[in-house]
Amino acid sequence: MCLGLCLFGCGENAVKQTKPGILAAQYISKLVKIAGITIAASRVKAKATYVTVMCKNCKNVQRVACRPGLGGAIVPRSCGHVPQAGEEPCPLDPWVVVPDKSKYVDQQTLKLQENPEDVPTGELPRNLLLSVDRHLVQTIVPGTRLTIMGIYSIYQASNSSTSHKGAVAIRQPYIRVVGIEEANEANSRGPAAFMPEEIEEFKKFAADPDAYKNICSKIAPSIFGHDDVKKAVACLLFGGSRKNLPDGVKLRGDINVLLLGDPSTAKSQFLKFVEKTAPVAVYTSGKGSSAAGLTASVIRDSSSREFYLEGGAMVLADGGVVCIDEFDKMRPEDRVAIHEAMEQQTISIAKAGITTVLNSRTSVLAAANPPSGRYDDLKTAQDNIDLQTTILSRFDLIFIVKDIRMYSQDKIIASHIIKVHASAGATLGDSRTSKEENWLKRYIQYCRTECHPRLSDSASTLLQNNYVKIRQDMRRQANETGEAAVIPITVRQLEAIVRLSESLAKMKLSHVATEANVQEALRLFTVSTMDAATSGINQQINLTPEMANEIKSHNGSKMFSNTHGGVKEVTLM
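When we follow the working numbering, the leftmost residue of the sequence shown carries the number 91, and every step to the right adds one.
In structure tokens form, the structure reads like this:
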């Protein structure tokens, strides 16, 4: 959506987009085009276009024009009235403003931050001050991705420190906005322009029966194994379909995934891959993230002393993915703050007299370790998963990632890692990998924009029957063990399977999720969340004959005994 002057055209005279980091003195008073994300918005103020002033002594009235943007009005020191004989001359600065004879327009200041994916590694994102007025006021909220066009200007800050008060030549930069182009809601990166040949290539790729397999092979190709995790990450990147019900209720289409398990199992590498591949992504670590840093904070402006909102990671990633590493290291009160953002996809703020709701339409990919550092098979699932049930129920898929100690498995992994290191130097500067990542990012962007699948009638019936069966099995297991599952199976999990089915259909640009999509979604849900809920002691383990023989050769006739007297049941596949 284009607001203000529609100057975002193409052609020889079109203004080229500029990065905030290169704006310098030579751009002053020139038209610039900047893309970024709004992180703060001030309250609406009244900006005078001209002021009417009256001399206190002689009542002489003058109209003074005000400079646009953050500039003020230059009022003469004297009124210019020539006193008659016997009249007292007018003093210097005799003016008082006559408000009812002045003209005002609405004005608002915004803070624009460089897009996270455009920030060079190791550098801080650049911020720019924006001035919007008239019909552009209150059209943008924090977290909105946009492209603005305006005049790069300067102003004198009113809060100059004492040491700089004599430096009259020092000015602060800002942009006087004349046009705003909001990003597309489907991808939050602006209206995606796809070439006809590119669209034809996407459709040809989606028509391939092995499209799902080919997409999963492009997910973190340097990581060995973890096939189901890669499929879950692919589902997260494509997402389900967002729905708006007639009664105003909104159902999220974004998928949340939790990777819980041993160190050195490539959990963080998956997060880094998603950060590079997702059209919009923000990476953060749980240990260094607070509730305000993840959601939003209220900050006092140093010059006006007013409070304004500044969005956090989940607001900045609106329309994309938030990657949270070390999720278990977060304080419990900080994890509670993202409950609303993960399910309702909004962030409600009521601080310092500011009451508002910000959008947080984002997927969450989190990585965590068990309380003891490693996943202990001799403990129950409740002891291994040290997270609250309220936060676990908001994850669509929960994977237990284990470092399995097996000779054949270790040999294959070691060979793969050595090959990766050996080929890294030879492929240095090779652009094939980056081209594949860019192609996958464009394909994800196209699918999220153009395809919004719905379940077919037969798929809905299949899903309904399987959900009821899963609930019955979990209820039966709880009655047998006398303990409730650490990961409850609720209606949220039913909606999770719906989103997974829609995501699988979206990968093939299909507008209908079929029974095959539902079956694959049920399989992913079973090998992730269901296995996590029943993991630990007394878990039934499925082994191939080769794996069983290898374990037997290393452990003799002993199977998985534990110090608590429990024995796991082992089933050959």
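Ideal Cβ placement from N, Cα and C applies to all residues, glycine included. All values reported here derive from a predicted model rather than from experimental measurement.
Between residue 227 and residue 197, the gap from beta carbon to beta carbon is short of 9 Å.
Beta-bridge pairing by DSSP links residue 441 to 444. If the five residues before and after residue 341 are omitted, its C-beta is found closer than 6 Å to the C-beta atoms of 333, all from its own chain and listed in chain order. Residue 524 holds the alpha-carbon nearest to the alpha-carbon of residue 311 among 458, 524, 501.
By the CB criterion at 9 Å, residue 370 and residue 403 fall outside the cutoff. DSSP, read as helix, strand or coil, puts residue 123 in strand. Rounded to whole angstroms, the Cβ separation of residue 474 and residue 466 is 6 Å, and the two are in contact under 8 Å.
Segment contact: the stretch 605 to 620 against the stretch 482 to 499, three or more CB-CB distances shorter than 8 Å; contact assigned. Rounded to whole angstroms, residue 500 and residue 374 show a C-alpha spacing of 31 Å. Around residue 319, the same chain offers 349, 360, 489, 491 as residues with beta carbons nearer than 8 Å, after the five sequence neighbours per side are excluded.
Assigned with DSSP and collapsed to three states, residue 231 falls in coil, not helix or strand. Counting only residues of its own chain and dropping the five nearest sequence neighbours on each side, residue 493 has a CB closer than 7 Å to the CB of 352, 354, 355. Proximity to residue 418 across 456, 398, 430 peaks at 456, based on C-alpha coordinates. Within the DSSP secondary-structure output, residue 351 pairs in a beta bridge with 491. If you draw a 10 Å sphere on the C-beta of residue 236, you find 16 or more other C-beta atoms in it, and that means buried. The C-alpha of residue 462 lies about 49 Å from the C-alpha of residue 229. One alpha carbon belongs to residue 145, the other to residue 231, and they sit about 42 Å apart. Residue 263 is positioned such that its CB atom lies closer than 9 Å to that of residue 218. Collapsing the DSSP output to three states places residue 397 in a strand. Contact between the stretch 120 to 133 and the stretch 167 to 181 is absent: fewer than three C-beta pairs spanning the two stretches fall below 8 Å.
One alpha carbon belongs to residue 384, the other to residue 566, and they sit about 39 Å apart.
The C-alpha of residue 181 is placed about 36 Å away from the C-alpha of residue 119. Under the three-state reduction of DSSP, residue 153 is assigned to strand. A direct Cα-Cα distance of roughly 34 Å separates residue 450 from residue 562.
Two segments are said to touch when three or more pairs of C-beta atoms, one from each, lie closer than 8 Å; by this definition the stretch 160 to 172 does not touch the stretch 107 to 127. Where residue 590 is concerned, the enclosing alpha helix (DSSP H) starts and stops at 581 to 597. As far as DSSP is concerned, residue 179 takes part in no beta bridge. Counting along the chain, no beta strand (DSSP E) covers residue 308, and no H or E run does either.
Collapsing the DSSP output to three states places residue 246 in coil. Residue range 193 to 203 is occupied by the beta strand (DSSP E) that includes residue 203.
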